[in-house]
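Residue numbers (UniProt numbering): 1 to 318. Glycine included, each C-beta is placed from N, C-alpha and C at the ideal position.
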Amino acid sequence: MHAIVIDKPGGPEVLAWRQVPDPRPERGDVIIDVAASAVNRADVLQRQGLYSPPPGASPYPGLECSGVVAEVGPDVEAFRPGDRVCALLTGGGYAERVAVPWQQVMRVPEGVDLVEAAGLPEVACTVWSNVFMTARLRKGETLLVHGGASGIGTLAVQLAKAFGSHVVVTAGSAEKIARCLELGADEGIDYREEDFSEKVRADVILDIIGGGYLAGNVRALKTGGRLVVIGMQGGTRGELDLGALLTKRASVHGTTLRARPVDEKGVIVRGVVDNVWPLLDAGAIRPVVHARVPMSDAAEAHRLLESGEHVGKILLVG
Numbered sequence: 001m002h003a004i005v006i007d008k009p010g011g012p013e014v015l016a017w018r019q020v021p022d023p024r025p026e027r028g029d030v031i032i033d034v035a036a037s038a039v040n041r042a043d044v045l046q047r048q049g050l051y052s053p054p055p056g057a058s059p060y061p062g063l064e065c066s067g068v069v070a071e072v073g074p075d076v077e078a079f080r081p082g083d084r085v086c087a088l089l090t091g092g093g094y095a096e097r098v099a100v101p102w103q104q105v106m107r108v109p110e111g112v113d114l115v116e117a118a119g120l121p122e123v124a125c126t127v128w129s130n131v132f133m134t135a136r137l138r139k140g141e142t143l144l145v146h147g148g149a150s151g152i153g154t155l156a157v158q159l160a161k162a163f164g165s166h167v168v169v170t171a172g173s174a175e176k177i178a179r180c181l182e183l184g185a186d187e188g189i190d191y192r193e194e195d196f197s198e199k200v201r202a203d204v205i206l207d208i209i210g211g212g213y214l215a216g217n218v219r220a221l222k223t224g225g226r227l228v229v230i231g232m233q234g235g236t237r238g239e240l241d242l243g244a245l246l247t248k249r250a251s252v253h254g255t256t257l258r259a260r261p262v263d264e265k266g267v268i269v270r271g272v273v274d275n276v277w278p279l280l281d282a283g284a285i286r287p288v289v290h291a292r293v294p295m296s297d298a299a300e301a302h303r304l305l306e307s308g309e310h311v312g313k314i315l316l317v318g
């Protein structure tokens, strides 16, 4: 098969489309003929040498994919060859084939294009596990989503609205805010022009920025608020006002998804299938795709992601 190989850390030009050995199914594995993958910030960090795959994971980038089951290993009963699926991966999505534990595989929702389904697993599992499982967002509460026009943001907006929450987003342009409002967001804040911590009070904050927003996030929390940090685009360190945190009886959670054990990922995946997939089946929410790029031209897809001009997901089509 062919896959995107990273020989050395660097810019997008280090991504090379090469012939590599086919994956073989181990016990509990599903082999997927990949129709598409999607670009995530973690892939950029891996390319730069800043985010190595966990031990035992595929060396190729790609944390999600869609495609058709080619074969299954021993002890797999939930899937069979020919099934249309998408999957949450620990790596290896930028390839023509990938092996993945069956617990991380999901059938493609009815009415969702097979290629577009590649942009669902990582964002759906991230939003469901953080906003609903960890932060326990409830109907009527306010959710603040930083980076509302990102892949994660566009799904978080739709999912929170579907569950009856008030949604506020931050974004870097009036155009991106307009797109978020079209998806159901109630308010938008241009972070270039306004201080979000002076504009909103939230029960739950989903943050991809990290250290640079820590103080403002605590200020923006309501009493009993929950801050979930899932990214560090704004740095790894920030000043935490413990007095404010204690006074508000608030909490700060830091989470990652990639390195979790298979069983933990399986719990998240089942939650997504039970709670998110019915909304996709009903057309209440939808994938937001900015561009489809040939997988062999992954370098161009990385340049597009790093430009910050996209809204939603950038797909790599096999």
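Whole-number beta carbon distance between residue j and residue i, since they are thought to touch under 8 Å
i: residue 248; j: residue 288; result: That belief does not hold up - the Cβ atoms of residue 248 and residue 288 are roughly 33 Å apart, past 8 Å.
i: residue 162; j: residue 285; result: 6 Å
i: residue 306; j: residue 44; result: 7 Å
i: residue 118; j: residue 86; result: 6 Å
i: residue 167; j: residue 160; result: 5 Å
i: residue 250; j: residue 227; result: 7 Å
i: residue 34; j: residue 98; result: 6 Å
i: residue 316; j: residue 301; result: 6 Å
i: residue 233; j: residue 205; result: Incorrect: roughly 15 Å between the Cβ atoms, too far for contact.
i: residue 59; j: residue 259; result: Not really, about 15 Å apart at Cβ, beyond 8 Å.
Opposing strand residues paired with residue i [DSSP bridges]
i: residue 97; result: 33
i: residue 71; result: 31
i: residue 205; result: 144 and 227
i: residue 65; result: 37 and 87
i: residue 190; result: 171
i: residue 3; result: 18 and 95
i: residue 313; result: 289
Coarse secondary structure for residue i, derived from DSSP in three states
i: residue 106; result: strand
i: residue 165; result: coil
i: residue 294; result: strand
i: residue 256; result: coil
i: residue 221; result: strand
i: residue 8; result: coil
i: residue 212; result: helix
i: residue 248; result: coil
i: residue 153; result: helix
i: residue 308; result: coil
i: residue 121; result: helix
i: residue 79; result: coil
i: residue 301; result: helix
i: residue 133; result: helix
i: residue 139; result: coil
i: residue 263; result: helix
i: residue 270; result: helix
i: residue 23; result: coil
i: residue 43; result: helix
i: residue 197; result: helix
i: residue 116; result: helix
Residue i, buried or exposed, once every other Cβ within 10 Å from all chains shown has been counted against 16
i: residue 46; result: buried
i: residue 170; result: buried
i: residue 3; result: buried
i: residue 80; result: exposed
i: residue 116; result: buried
i: residue 121; result: buried
i: residue 199; result: exposed
i: residue 52; result: exposed
i: residue 101; result: buried
i: residue 320; result: Past the boundaries of the shown model lies residue 320; the chain is included only from 1 to 318, so the question cannot be answered.
i: residue 179; result: buried
i: residue 16; result: exposed
i: residue 9; result: exposed
i: residue 253; result: exposed
i: residue 246; result: exposed
i: residue 193; result: exposed
i: residue 154; result: buried
i: residue 203; result: buried
Residue i Cβ short of 7 Å to the ligand SAM heavy atom set
i: residue 224; result: The ligand SAM is not part of the structure shown, which contains no ligands of any sort.
Task: the segment 27-39 / the segment 87-97 touching (three or more Cβ pairs under 8 Å) - done: yes
Task: Stretch-stretch touch, CB-based, cutoff 8 Å, three pairs: the segment 217-224 with the segment 15-29 - done: no
- [ ] Specify whether the segment 179-193 and the segment 140-149 touch according to this definition: at least 3 beta carbon pairs, one from each stretch, less than 8 Å apart.
- [x] yes
Task: Stretch-stretch touch, CB-based, cutoff 8 Å, three pairs: the segment 230-241 with the segment 259-270 - done: no
Open item on the list: Measuring CB atoms only, is the segment 122-136 touching the segment 268-275, in the sense that at least three cross pairs come out at less than 8 Å?
Closed with: yes
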